[in-house]
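Working notes for the structure below.
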Amino acid sequence: MSDYPTVHSKYSVQVVGGAIVDSLEKPTKLLVGQRSAPEEFAGRWEFPGGKVEEVESAHDALVRELHEELGVAVRLGSEIAGPHDQGWELNEKAAMRVFFAEIVDGEPEALQDHAQVRWVKLDRDILELDWIDADEPIVRELLNIAL
């Protein structure tokens, strides 16, 4: 898939998320964010990220979003491919492409959109977190790839 949305895209909103791991080569931990808003998502866990702006590639948007939300610089890895060209359906209007990422500079902080961020062990126990519904199948695919 092209890194840029096209006019023929099924979803009008393209979102990107980072599966931030402690090491792209041998991941053992995943950084997760607990939403602070909106109310229906507050307290639930997700992949940090955000919307792709019209002139951005998915990669550029994710690098920007992770810097804005967490205060970190990252190196991107492979994509956790979803069932659609635009990744994983979030709702009828939006889909999310998720990429593995590794922090190369900075310490992650909850600067925007999150009540907290924390590292969790990358194993099946992460399924016990109260994930946003749309992120749960992505977490399952991440575990299939990483474990």
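The opening residue of the sequence shown carries number 1 in full-length UniProt numbering; numbering runs sequentially from there.
Just so it is clear, CB atoms sit at the ideal spot from N, CA and C, and this is done for glycine as well.
7 Å Cβ cutoff met for residue i and residue j
i	j	result
Ser23	Lys93	no
Val120	Ile126	yes
Gly50	Glu65	yes
Glu79	Phe99	yes
Leu122	Pro27	yes
Helix, strand or coil at residue i [DSSP, three-state]
i	result
Ile145	helix
Ala19	strand
Ile103	strand
Ile126	helix
Glu40	coil
Pro5	Residue placement at Pro5 is flagged as unreliable, the pLDDT there being 48, under the threshold of 50; the coordinate-derived value follows with that caveat. Here Pro5 sits in coil by DSSP.
Val52	coil
Extent of the continuous beta strand (DSSP E) run through residue i
i	result
Leu30	Lys29 to Arg35
Closer than 7 Å to chain C by CB, residue i
i	result
His67	This model lacks chain C altogether; it includes just one protein chain.
Cβ-Cβ separation, residue j to residue i (assumed contact under 8 Å), whole Å
i	j	result
Val16	Ala95	Incorrect: roughly 10 Å between the Cβ atoms, too far for contact.
Asp113	Ser36	6 Å
Where the alpha helix (DSSP H) containing residue i begins and where it ends
i	result
Leu70	Ala58 to Leu70
Candidates the options, of which the one nearest residue i by Cα
i	options	result
Ala61	Glu136, Pro108 and Arg97	Arg97
Ile20	Ser57, Ala58, Lys10 and Val63	Val63
Asp130	Leu31, Gly43, Glu39 and Lys10	Gly43
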